[in-house]
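Residue numbers for the sequence shown follow the working numbering, so the first one is 22 and each next one is one higher. C-beta atoms are modelled at their ideal positions from N, C-alpha and C, and glycine is treated no differently. These numbers were taken from a predicted model, which means no experiment stands behind them.
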Amino acid sequence: MKILCLFFFMSFFISNGIKAQSLLGNPTISFTKQDSLRGSITKERSWWDLKQYRLDIKVNPLDSTITGSNAIKYQVLQEYNVMQIDLQKPLEISKIIQDGVALKYSREGNVFWVDLVTPQKAGTIKELTIFYGGKPKVAVNPPWDGGISWKKDSNGKPFIASSCQGLGASVWWPNKDHMYDEVDDMYISVNVPSDLMDVSNGRLLSVKKQKNSTTTYNWYVSNPINNYGVNINIGDYVSFLEKYKGEKGILNCSYYVLKNNLAKAKKQFREVPRMLKAFEYWFGPYPFYKDGYKLVEVPYLGMEHQSSVTYGNGFQNGYLGHDMSGTGWGLKFDFIIVHESGHEWFANNITYKDIADMWIHESFTNYSESLFVEYYYGKKAGFEYVIGTRKGIANDFPIIGNYDVNHKGSGDMYPKGGNMLHTLRQIVNDDQKWRKILRGLNSTFYHQTVSTKQIEDYLSQQAVMDLNPFFNQYLRDTRIPILEYYFKEGQLFYRWSNCVAGFNMPIKISINGVEKWLKPETDWKTELNTDQNSKLLIDVNFYVTGIQIRK
C-alpha cells in the first residue's frame, strides 16, 4: 500500500526484543522477534520460490468471517523441510495438506512452522494447500491501520473491503508475507451472498451461482503481484467499461461503484484516461495490459491494489476536496485517482523488497502528481505544485527505515521524496533525458522487486554522476542543506553546510538576475564577482536553503 496522506506520521512499536539502531541519530527503537520473523528473509522462507497462489474463500457479512483455503505452488531452491507460513491472529489454520498427507505445524505468534514430509528436492515444483478461517482483524482507520472494513452502504447493504499495506496480507489470508518474493500469477475465488458482487485483481474468468444463495467470482491475475496488492471488494456494485488506446494497444478499463453513485462516477472517472495518457508519456506503457485496469469504489479513502485500484474520494477533485499543495493546482485533478493509479508504475510494477525502502513507492508517486499537472497545465504549474507540497515536510526522521523488521521510514517519503526527485531533475538539467530515465526505470525493473541501492545505482548511471552523497542527504538524513555564501574583495565565497560529508550537489543560482551554476562542496570555494552589492538568489526548484553570512 502506501500511506496516502502527506500528514502521515509514524508510530513506533516499543517493546522488549531485538534492538535495531535507527539511521543517523534517531533514537534506538526496540523490535520484537515477531517483527524480525515478519520483516526478514528467514531460512524457512529463502529455500522456496513462489510460483502460484490459488486463493478460494467464502466471505460471510453476517458474522464477519472468512473461511477457505490457499493452494501454494512453489519451486524448491535448496533442500529443506520446514516452511514459514504467515497468518495473523485471530485467524486460525485448520489443516495443511501436501501430496495427500496432513502436515504437522506449530504456531509462534503470527507465524506457522510447517513440517514437510515428502522430500523437497532442489529444482522441483511442489504444492501444498492451507485451510483456514475466522474473524480477521477489523480495519480501524483504513488504509493506514488496515484489515477488513465491514461497512454498510446508504441502502443498508454490506460494503466490505480489504486494505493491508505494512500490516501485511496475512491479516486476512495465509501466504508468504514478505515483499521480496512476488507470486508469478494468482487465482482468486470469492464466494459472497448473491445480492453482492466481489471485485478482485486481474480479469474476471467466471461467475458461478451456487445453490445456497451465494455466488462465486473467479478472478485471474496473469502478472506477478505483491501480497498487499491483492484485494477483495464486496458490495452492491454496478459497472461500466471503456477501452483506452494506449502505448501497447487497447487497455480494458472497468469501473465498479455502488448503484447510487453511478452517475457521479461516470463523470468523475473521466479522469482515468487523462491519467493514463499523462503517465504513459512520463513512465512508459501501463504495466498490466493483460490484467486490465479497474477502479473500484470502497468504504475508505483508497489504495493502489494492482489492476484493482480502490477509490473513496467522494467523486470530487483534490484530496477529499482539499489541495495538498496549497497552490490551486491540486483542485484540478482527483488526487486519489491520480496518486493511487500512479502506483501501478511505482509500487506494483517496481516494488520494494523491504518496506524500509517504501520511498521507492511513495516518493516517485508523490512526484507523479506534479508530472500530471505539468502534462496538462504546463511546466510552471507542475513545478508550483511540487514546491507547494513542501509545507507537509516534517524532517523528523530519515525517509529510509530499519531493514528486516517490517519498519518504514518517515512520512516525509511523500513530500520530501517528491521534492528530492524534483531537485534531481534540475541537476540532470535535460527534460528529455529525465523523461527517458523515468521510462527506463519502468522498463529496466519491469515486474521486479528492488532495493534502494538498485534504484540509486540506476539513477547515478543514467545521470552520469555520483549521486551517493545526494541520496545520503535526502534519504538518510533529516537536515536541509544550506548554501552559505558571502561576497568579499571581488569574490563570491560559497559552500554547503548542514549536510552529510561529501555533499557536493551542483545548484543553479542567479546573481543580479544572471543565471549560473555553482558546484559547491563542504569546503569554501570561490568565483570571481566584482560587485560587492550583488544579490544572489537560489533557484526555488532545489530543496535547499541559503544564508548570506557576514565576513
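Nearest-angstrom Cα separation, counted from M486 out to G155
Cα to Cα, G155 sits roughly 54 Å from M486.
Excluding the five sequence neighbours on either side, which residues of its own chain have a C-beta within less than 6 Å of the C-beta of V330, listed in chain order?
L316, E361 and S362
So, helix, strand or coil for Q42, using DSSP?
Confidence in Q42 is poor, its pLDDT being 33 and thus under 50, which makes the residue's placement unreliable; the coordinate value appears in the next sentence. Looking at Q42 - three-state DSSP - the assignment turns out to be coil, as it is neither helix nor strand.
Using the beta-carbon count (16 or more within 10 Å), is L44 buried or exposed?
Unreliable placement is indicated for L44, whose pLDDT of 39 sits below 50; the coordinate value is still reported in the next sentence. Label assigned to L44: buried.
Starting from the C-beta of S275, find all residues in its chain whose C-beta is less than 7 Å away, skip the five residues before and the five after it, and write them out in chain order.
S260, L262, G313 and K315
Between the CA atoms of E383 and I358 - distance to the nearest angstrom
C-alpha separation (whole angstroms): 15 Å.
In the structure shown, what three-state DSSP assignment does K569 receive?
Note on residue identity: the sequence assigns Gln, not Lys, to residue 569. Correct three-state label for Q569: strand.
Can you tell me whether R446 is buried or exposed? The criterion is at least 16 other CB atoms within 10 Å of its CB, across all chains shown.
buried
Measure the C-alpha to C-alpha separation of W545 and C520 and round it to an integer number of angstroms.
14 Å
Span of the alpha helix (DSSP H) around E383:
W380 to Y398
Only counting the same chain, and skipping five residues up and downstream in sequence, which positions put a Cβ closer than 7 Å to that of K285?
F336
Please identify the residue among V103, Q453, D77 and K288 whose C-alpha is closest to the C-alpha of P20.
With the chain running from 22 to 572 in the structure shown, residue 20 is simply not present.
At a cut-off of 8 Å, is K54 close to the ligand ZN when judged by its beta-carbon and the heavy atoms of the ligand?
As far as ligands go, the structure on display features none, and thus does not contain the ligand ZN.
In angstroms with no decimal places, state the Cα-to-Cα distance between F524 and I87.
53 Å
Which whole-angstrom value is the C-beta distance of Y307 and T444, which I expect to be below 8 Å?
The pair is not a contact, with the Cβ atoms about 28 Å apart (cut-off 8 Å).
Evaluate the contact criterion for the stretch 108 to 126 versus the stretch 242 to 260: three or more CB pairs, one atom per stretch, below 8 Å.
no
Are the Cβ atoms of T63 and Q105 separated by less than 9 Å?
yes
Can you list, in chain order, the residues of its chain whose CB lies under 6 Å from that of V319, leaving out five sequence neighbours each side?
A182, N254, T331 and G333
Runs of 4 residues minimum, wholly inside the stretch 483 to 515: which ones carry the alpha helix (DSSP H) assignment?
For the stretch 483 to 515, whole alpha helix (DSSP H) runs of length 4 or above, ordered along the chain, are 489 to 497.
So, helix, strand or coil for K658, using DSSP?
Any answer about residue 658 is impossible in this case: the structure gives the chain only from 22 up to 572.
Expected contact under 8 Å - CB spacing of F356 and L459 to nearest Å
The Cβ separation is near 20 Å, so there is no contact.
Around the Cβ of N440, are there at least 16 other Cβ atoms within 10 angstroms (buried) or fewer (exposed)?
Taking a 10 Å sphere around the C-beta of N440, we find 16 or more other C-beta atoms and assign the residue as buried.
Indicate the three-state DSSP secondary structure (helix, strand or coil) for F133 in the structure shown.
In the structure shown, F133 adopts extended strand secondary structure according to DSSP, grouped into three states.
With distance defined between alpha-carbon atoms, name the residue in L392, W380, D375 and D77 nearest to G351.
L392
Can you tell me whether S227 is buried or exposed? The criterion is at least 16 other CB atoms within 10 Å of its CB, across all chains shown.
exposed
How far does the beta strand (DSSP E) with L558 in it extend, from its first residue to its last?
L557 to I559
If you drop the 5 nearest sequence neighbours on each side, which residues of the same chain put their C-beta closer than 6 Å to that of A484?
V449
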